[in-house]
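*Asks:*
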Ligand SMILES: NC(=O)c1ccc[n+]([C@@H]2O[C@H](COP(=O)([O-])OP(=O)(O)OC[C@H]3O[C@@H](n4cnc5c(N)ncnc54)[C@H](OP(=O)(O)O)[C@@H]3O)[C@@H](O)[C@H]2O)c1
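As structure tokens, this is what we get:
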């Protein structure tokens with residue numbers, strides 16, 4: 214779609230909508246509108262009015278007006294208000310509309326919004342994978358839903374980084390939350406291990422040791438090795454984790470993550486999967502299939 218043909222609307226005009234709108238209008242899109250409760254009441258001189266002017270955005274008074282002015286509506290509200298925002302606009306949507314919800318939400322919440330939109334318009338679940346202020350228009354987004362490719366094809370030519378991951382609404386949001394399980398968990402684990410290292414006066418040497426291990430191996434191999442080696446070695450690791458936990462407690466260091474690891478290893482050791490995988494397994498998928506099967 215050409216810049217002149219694309220009529221873009223933002224449902225919500227907060228930090229992310231302002232940054233995307235600014236860069237998209239610099240990329241040549243001229244028809245950009247936005248609705249937000251504060252924007253609807255804004256007058257010249259108000260902060261939101263100036264933000265919209267600088268971003269090349271026309272503020273509108275109602276969600277219905279947004280639907281009249283835009284074909285692609287990108288909803289960027291807080292996660293908890295996404296459903297009520299969709300409720301405000303749904304009656305004004307027509308089959309040509311692409312309603313893209315980029316709020317941070319659960320897969321279930323996105324499924325609810327998709328059901329609310331129903332046949333009235335096309336729905337896309339989009340997840341913003343990093344802070345927008347850092348990479349702005351280049352911020353990675355993942356998208357899912359039957360029309361996710363239409364969203365990508367409309368905005369990628371203007372510089373947006375949109376990866377279609379599934380044709381099922383909810384999948385993109387689930388992917389973001391799965392990423393958070395890992396990223397936030399890793400941060401918590403780094404804190405716990407480095408707190409103990411620092412308490413023992415060994416911060417530099419321990420940080421260097423762990424860093425060297427991770428620097429030496431491509432992460433794809435680490436992921437495979439850690440999952441595939443666990444069935445064969447869980448029993449031996451039970452003792453090691455008990456020792457690790459005792460050590461943390463002896464120096465009064467926080468131990469929440471290590472308690473969880475010890476419980477995980479104990480569960481794994483009792484699962485009998487070492488008999489199915491006596492040596493390092495070949496496939497991550499096989500190990501996970503077996504692990505899911507033994508869940509009580
Ligand atoms: N900003 C980021 O870097 C970033 C990164 C990843 C994910 N996200 C996700 O993207 C979404 C938007 O983030 P943000 O930082 O732009 O949020 P924000 O700055 O808090 O802006 C939220 C916007 O939603 C508007 N709003 C509230 N209720 C509404 C309704 N019923 N109908 C229409 N608009 C409504 C607000 O209007 P008022 O100002 O009038 O209240 C405001 O303009 C969030 O779900 C966030 O988790 C953001």
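In our numbering, the protein residues as written are 214 to 509.
For glycine and all other residues, C-beta sits at the position ideal for the given N, C-alpha and C.
Here's the rule I'm using: 16 or more other beta-carbon atoms within 10 Å means buried, otherwise exposed. How should residue 251 be labelled?
*Replies:* Exposed, by the Cβ-count rule.
*Asks:* Please find out if some non-hydrogen atom of ligand 1 comes closer than 7 Å to the beta-carbon of residue 517.
*Replies:* In the structure as shown, the chain starts at 214 and stops at 509, and residue 517 therefore has no counterpart that could be examined.
*Asks:* Excluding five sequence neighbours on each side, which residues of the same chain lie with their C-beta closer than 7 Å to the C-beta of residue 388?
*Replies:* 340, 355 and 378.
*Asks:* Out of 456, 495 and 373, point me to the one whose CA is closest to residue 442's CA.
*Replies:* Checked all of 456, 495 and 373; the closest Cα to residue 442 is 495.
*Asks:* If you check the beta carbons only, do residue 309 and residue 284 fall under 8 Å apart?
*Replies:* Going by C-beta atoms, residue 309 is nearer than 8 Å to residue 284.
*Asks:* Would you kindly work out how many angstroms separate the C-alpha atoms of residue 375 and residue 345, rounded to a whole number?
*Replies:* Computed Cα separation, rounded: 13 Å.
*Asks:* Please tell me whether, using a cut-off of 7 Å, the distance from the CB of residue 501 to the nearest non-hydrogen atom of ligand 1 is below it.
*Replies:* No.
*Asks:* At a threshold of 7 Å, does residue 355 count as lining ligand 1 (C-beta to nearest heavy atom)?
*Replies:* No.
*Asks:* Suppose only complete runs of 3+ residues qualify. What are the beta strand (DSSP E) ranges in the region 305-361, listed by chain order?
*Replies:* Counting only runs of 3 or more, we get 311-314, 335-341 and 353-357.
*Asks:* For ligand 1, is there a heavy atom less than 7 Å away from the beta-carbon of residue 346?
*Replies:* Result yes, Cβ under 7 Å from ligand 1.
*Asks:* The alpha helix (DSSP H) that contains residue 455, what's its start and end?
*Replies:* It spans 432-463 - the alpha helix (DSSP H) in which residue 455 sits, taken as one unbroken run.
*Asks:* Let me confirm a value: residue 390 is counted as buried when at least 16 other C-beta atoms fall within 10 Å, else exposed. Which label applies?
*Replies:* With fewer than 16 Cβ atoms within 10 Å of its Cβ, residue 390 is classed as exposed.
*Asks:* Measuring alpha carbon to alpha carbon, tell me which of 455, 461 and 440 ends up nearest residue 486.
*Replies:* Residue 486 has its Cα closest to that of 440, out of 455, 461 and 440.
*Asks:* Can you tell me which residues form a DSSP beta bridge with residue 505?
*Replies:* None, per the DSSP bridge assignment.
*Asks:* Comparing the CB of residue 297 with every heavy atom of ligand 1, is any distance shorter than 7 Å?
*Replies:* Because some heavy atom of ligand 1 lies under 7 Å away, the Cβ of residue 297 counts as near it: yes.
*Asks:* Which one of 372, 226, 259 and 334 has the shortest CA to CA distance from residue 348?
*Replies:* The shortest Cα separation from residue 348 among 372, 226, 259 and 334 belongs to 372.
*Asks:* For a test of the three-state rule: what should DSSP assign to residue 247, helix, strand or coil?
*Replies:* Correct three-state label for residue 247: strand.
*Asks:* Please list the terminal residues of the continuous beta strand (DSSP E) segment that includes residue 485.
*Replies:* It is not in any beta strand (DSSP E) - residue 485 carries neither H nor E in the DSSP assignment.
*Asks:* Would you mind working out which of 322, 297 and 233 sits nearest residue 267, comparing C-alpha positions?
*Replies:* The option with the nearest alpha carbon to residue 267 is 233.
*Asks:* With three or more beta-carbon pairs closer than 8 Å as the criterion, would you say the region 316-330 touches the region 285-305?
*Replies:* The answer is yes - the region 285-305 touches the region 316-330, with three or more Cβ pairs under 8 Å.
*Asks:* To the nearest angstrom, how far is the alpha carbon of residue 290 from that of residue 454?
*Replies:* Cα to Cα, residue 290 sits roughly 43 Å from residue 454.
*Asks:* Spatial neighbours of residue 507 within its chain, please: CB distance less than 6 Å, with the 5 preceding and 5 following residues excluded, ordered by chain position.
*Replies:* Correct list, in chain order: 484.
*Asks:* Going by other Cβ atoms of all chains shown within 10 Å of its Cβ, with 16 needed for buried, is residue 352 buried or exposed?
*Replies:* Burial call: buried.
*Asks:* If you measure from the CB of residue 266, is any heavy atom of ligand 2 nearer than 7 Å?
*Replies:* Ligands present in the displayed structure are limited to ligand 1, and ligand 2 is not among them.
*Asks:* With respect to the beta strand (DSSP E) encompassing residue 242, which residues constitute its N-terminal and C-terminal limits?
*Replies:* Run containing residue 242: none; DSSP gives neither H nor E here.
*Asks:* Does the separation of the CB atoms of residue 380 and residue 359 fall below 8 Å?
*Replies:* In contact: residue 380 and residue 359 (Cβ atoms closer than 8 Å).
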